[in-house]
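Following: one structure in structure tokens, then a few remarks.
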Amino acid sequence: MIRYTAGFLFALAAFGFIFLHTQINMKKEIQPVEISIPSGMTISEIGKILEKNRVIKSRFLFVLYSKIRGGFPKSGYYRFEGNLSIKDVWEKLYRGEERLFRFTIIPGNDLIDIGEKLEKKGFLSKETFYSYVFNKENVEKFGLKGRSFEGYFPPETYYLRKDADVQQIIKSFLKIFNKRYQPVLKNTNGLSNYELMIIASLVEKETSVPEEKPIIAGIIIKRLKKGMKLQIDPTVIYALKLQGKWYGKLEKKDMKVDSPYNTYLNSGLPPTPISSFSLQTLKSVINYKETDFLYFFSKDGKRHIFSRSYKEHLKNIKK
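If you want it as structure tokens, here you go:
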């Protein structure tokens, strides 16, 4: 029977510790690879995925280090490349250093535009997005007003998880809204915060010229006070988009589309905003400019010509 001395066993344990420490910290060159780690996976299953994709050499050592280190890796979408050790890989997962993807909403994008962009960029299907954002109950869950999330997703460049669900994406959008837009919103001239948002969306779709925005906002508010129909073309376009009837060109027959958003047929504001809007546009509505104008039109789709009366408006159009 072989007997081992305490010194020998200590040396053996020390050797094992050094070997394990060396293997765990040994770096290897990893070719760029992107891996999705689903939620609910065990440490061993995660190690298997990493080993299969040649991110680590040994699943066994990955599991062993996990037990020594304590804690649990986070699910998500990760990118690995360069010289990394098993420890480096584990720590990256533990800290949840996911790869985030750029996603941009520009001023004037509506929910339909945003859904199409999300699908094109591979985040989620537009059907999944639409079924959530056009549901009034979901809007109320976030303590918001309106029958949809239209107007609540600010123009901004966001960095999103590739495998994020629709609620996580919406929370990213609303985080900016709550941080930058909510502090600016304040009831003014008898208008509610939500009505200001609706007007801001109308102004955003009408002009991109900064100095025109407070003028057009003032005209809209003035027409509302007089009980005049707003007769704003973008509201008709939005109505057509909601009905799947927008083909890129507004025709005379479209002005009769049956929709609460059609401001040629209905008095007052549409039921919700019709697009996203910049913070500058919102401020121009809050600080709108009072003028004698009641009408405006654009001959080039850029700058507008303003009129004080309908007669003058028709005269300017003829010119």
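The numbering of the sequence shown is numbering that gives the first Met the number 0, which starts it at 0 and goes up by one. The beta carbon of each residue, even a glycine, is placed where N, CA and C say it ideally should be. It should be emphasised that the depicted structure is a prediction, and the values quoted were computed from it without experimental measurement.
C-beta neighbour in chain C for residue i, strict 8 angstroms
i, result
"TYR193", "Any reference to chain C falls outside this structure, which holds one protein chain only."
Of the residues the options, the one placed nearest residue i, counting alpha carbons only
i, options, result
"ALA238", "ASN265, LEU223, GLY217, PRO213", "ASN265"
"SER319", "SER277, ARG146, ASN186", "This structure cannot speak to residue 319, because the chain is shown only from 0 to 318."
"PHE295", "PRO269, SER38, ILE231, LYS288", "ILE231"
"GLY226", "LEU268, TYR260, ASN188, GLU210", "LEU268"
"LYS119", "PHE133, PHE100, GLY107, LYS135", "PHE100"
"GLU126", "VAL165, ARG94, GLU80", "VAL165"
"GLY217", "GLY121, LEU159, ASN188", "ASN188"
"TYR260", "LYS86, ASP87, ILE197", "ILE197"
"ARG58", "LYS86, GLU33, GLU250, LYS248", "LYS86"
"LEU190", "LEU173, ASN286, VAL88", "ASN286"
"ASP22", "ASP253, VAL62, ILE104, TYR93", "Sequence check: residue 22 is Gln here, not Asp. Of the listed residues, the one whose Cα sits closest to GLN22 is VAL62."
"GLN181", "LYS282, ASN108, LYS47, ILE67", "LYS282"
"MET40", "LEU92, SER200, LYS26", "LEU92"
DSSP three-state assignment for residue i, whether helix, strand or coil
i, result
"ALA13", "Its pLDDT being 49, under 50, ALA13 is placed unreliably in this model, and the coordinates cannot settle the point."
"THR127", "helix"
"GLN166", "helix"
"ARG101", "strand"
"ASN202", "Position check: residue 202 holds Val in this sequence, whereas Asn was assumed. DSSP places VAL202 in helix when its eight states are reduced to three."
"LYS318", "coil"
"PHE61", "helix"
"SER297", "strand"
"LEU8", "With a pLDDT of only 46 at LEU8, under 50, the local geometry of the prediction cannot be trusted, and the value read off the model is given with reservation. Helix."
"MET0", "Confidence in MET0 is poor, its pLDDT being 48 and thus under 50, which makes the residue's placement unreliable; the coordinate value appears in the next sentence. The answer is coil: DSSP assigns MET0 none of H, G, I, E or B."
"ASP257", "coil"
"LEU229", "coil"
"ILE55", "coil"
Sub-8 angstroms separation of residue i and residue j beta-carbons
i, j, result
"LYS170", "THR280", "no"
"ILE113", "PHE152", "yes"
"THR262", "LEU223", "no"
"VAL202", "VAL284", "yes"
"ARG146", "PRO31", "no"
"ILE42", "LEU49", "no"
"ASN24", "SER84", "yes"
"SER130", "SER74", "no"
"ILE45", "GLU149", "no"
"ASP291", "ARG307", "yes"
"PRO72", "SER275", "no"
"LEU110", "PHE133", "yes"
"GLY81", "ILE29", "yes"
"LEU143", "PHE128", "no"
"PHE122", "ALA163", "yes"
"ARG98", "LYS161", "yes"
"LYS288", "ILE220", "no"
"TYR76", "SER35", "yes"
"PRO233", "GLU205", "yes"
"PHE329", "TYR193", "Past the boundaries of the shown model lies residue 329; the chain is included only from 0 to 318, so the question cannot be answered."
"GLU33", "ARG78", "yes"
"VAL235", "ASP253", "yes"
Opening and closing residue of the alpha helix (DSSP H) in which residue i lies
i, result
"TYR237", "232-241"
"GLY247", "Element bounds for GLY247: n/a, residue is neither H nor E."
"GLY217", "212-225"
"ILE273", "Looking at the DSSP string, ILE273 is not in any alpha helix (DSSP H), and its letter there is neither H nor E."
"ILE111", "110-119"
"SER283", "278-285"
"VAL138", "135-140"
Start-to-end residues for the beta strand (DSSP E) that takes in residue i
i, result
"ILE36", "27-36"
"GLU80", "75-83"
"GLU155", "155-160"
"ILE45", "No beta strand (DSSP E) holds ILE45; the alpha helix (DSSP H) holding it covers 42-51."
"ILE304", "303-306"
Closer than 7 angstroms: residue i CB and nearest the ligand GTP heavy atom
i, result
"ILE85", "Of ligands this structure carries none, so the ligand GTP is not represented either."
Going residue by residue through the stretch 173-203, where are the continuous beta strand (DSSP E) segments of at least 3 residues, counting only ones entirely within it?
none
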